Every structure is written in C-alpha cells, then in structure tokens.
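**Student:** Sharing a structure below in structure tokens format, with a few things to ask.
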Amino acid sequence: MDEAIVALKALLKDPKQTEAMRCHDCYADGGCVMVSLYDVIRELERIAAGEGCSMKSIRKYQLQPRMKQKIEMPEGAQILTVQTQVTSVCLWAMVNTKAPKEKRTIHIVSTDKNVDHIHDKGMTYIGTAQIELGNIVCHVFEE
4 MDEAIVALKA LLKDPKQTEA MRCHDCYADG GCVMVSLYDV IRELERIAAG EGCSMKSIRK
64 YQLQPRMKQK IEMPEGAQIL TVQTQVTSVC LWAMVNTKAP KEKRTIHIVS TDKNVDHIHD
124 KGMTYIGTAQ IELGNIVCHV FEE
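See below:
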C-alpha cells in the first residue's frame, strides 16, 4: 500500500506524466484529473491508516409535519440547509455514506409558538422554510 501511495505522489510531481493525463476539459492547473488522483491518494492513506474508505455526498431528508422527529443519517453529517421543496420541508446534509448511522433529533416550531424548550436545551438553528404559499412558516432546530 505504501509503495502505491509513493508511486502516485511521484507521478503527480512529474510534469510530463501529468500533462499526458490531462483531458481536453481540464483547467491549466490540472483540473479534473489531478483532483481525482489526489482523492485516490487521500483514500489510500486513510485505508493504510486503518480509517477505512469515505464517500462524501449531499443527501436530502424529507421532514415530517410534526414538532419532534428523529432522522437517521451517517455519523458526523454536516447539516447544510433546510428549505421547502414543492410542498415538503426538506433538510440537506453533507454525509460520509460509508460512516455508521446515527439518529439526530430535529424540532420544527411555527412562528408565534412557544420556544422555551428550544432555548432551554440550547438547540442549534438550522433554518426556516415556508409552506402553503408562505402561510405556514417552520423554524427548524437540531437538539
């Protein structure tokens, strides 16, 4: 494994080799081919260190119309935003699809409702979404 990593790193340092590997759509700095080789090296280094593979992806989670719910997503997922999609409130997160799953608790509160429980538990604000042409405004928090 170590030899493969060293060989790939050497390949990246050789301008003749990297020039030959570029496709027509790459930028002058190496573009798509170079990024993918760096990604391969990172993955090999993770595997060699015993960390396993990772696969980053942005995933959508449709929220249910209730005040409190649990969502299963990969550990360490980074919640990006919450928005309305057609008639549903959805949450998007950047996740490592290879990571073990965990349950995250999401709270939805409408405007003018009591939010003492949100404040008391120190929940993290994710975002606000409007449904029913703006007649219902939902504020989304993570416990």
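Counting from 4, one number per residue, gives the positions in the sequence shown under the working numbering. Where a beta carbon is used, it is the ideal one built from N, C-alpha and C, also for glycine. Bear in mind the structure is a predicted one, so any value in this text is a computation, not a measurement.
Determine which residues share a DSSP beta bridge with residue 76 and list them.
**Tutor:** 105
**Student:** Please report the distance separating the alpha-carbon of residue 136 from that of residue 108.
**Tutor:** 27 Å
**Student:** Which first and last residues belong to the alpha helix (DSSP H) in which residue 115 is found?
**Tutor:** Premise fails: residue 115 is in no alpha helix (DSSP H) and is neither H nor E.
**Student:** Spatial neighbours of residue 132 within its chain, please: CB distance less than 6 Å, with the 5 preceding and 5 following residues excluded, ordered by chain position.
**Tutor:** 85, 86, 87, 92, 141
**Student:** Residues in the same chain with beta-carbon distance under 8 Å from residue 96, minus the five sequence neighbours each way, listed in chain order, please.
**Tutor:** 61, 62, 64, 76, 80, 81, 82, 83
**Student:** Considering residue 63, what are the terminal residues of the beta strand (DSSP E) in which it resides?
**Tutor:** According to the DSSP assignment, residue 63 belongs to the beta strand (DSSP E) that extends over 59-65.
**Student:** Report the rounded CA-to-CA distance for residue 34 versus residue 89, giving the unit in angstroms.
**Tutor:** Here residue 34 scores only 41 on pLDDT, less than 50, and its place in the model is too uncertain to base an answer on.
**Student:** What is the DSSP secondary structure of residue 31, reduced to helix, strand or coil?
**Tutor:** Unreliable placement is indicated for residue 31, whose pLDDT of 45 sits below 50; the coordinate value is still reported in the next sentence. Three-state result, residue 31: coil.
**Student:** Could you check if residue 9 is buried or exposed, using at least 16 other CB atoms within 10 Å of its CB as the buried criterion?
**Tutor:** exposed
**Student:** Let's test the definition: count the other Cβ atoms within 10 Å of the Cβ of residue 110 and tell me whether it reaches 16, buried, or not, exposed.
**Tutor:** buried
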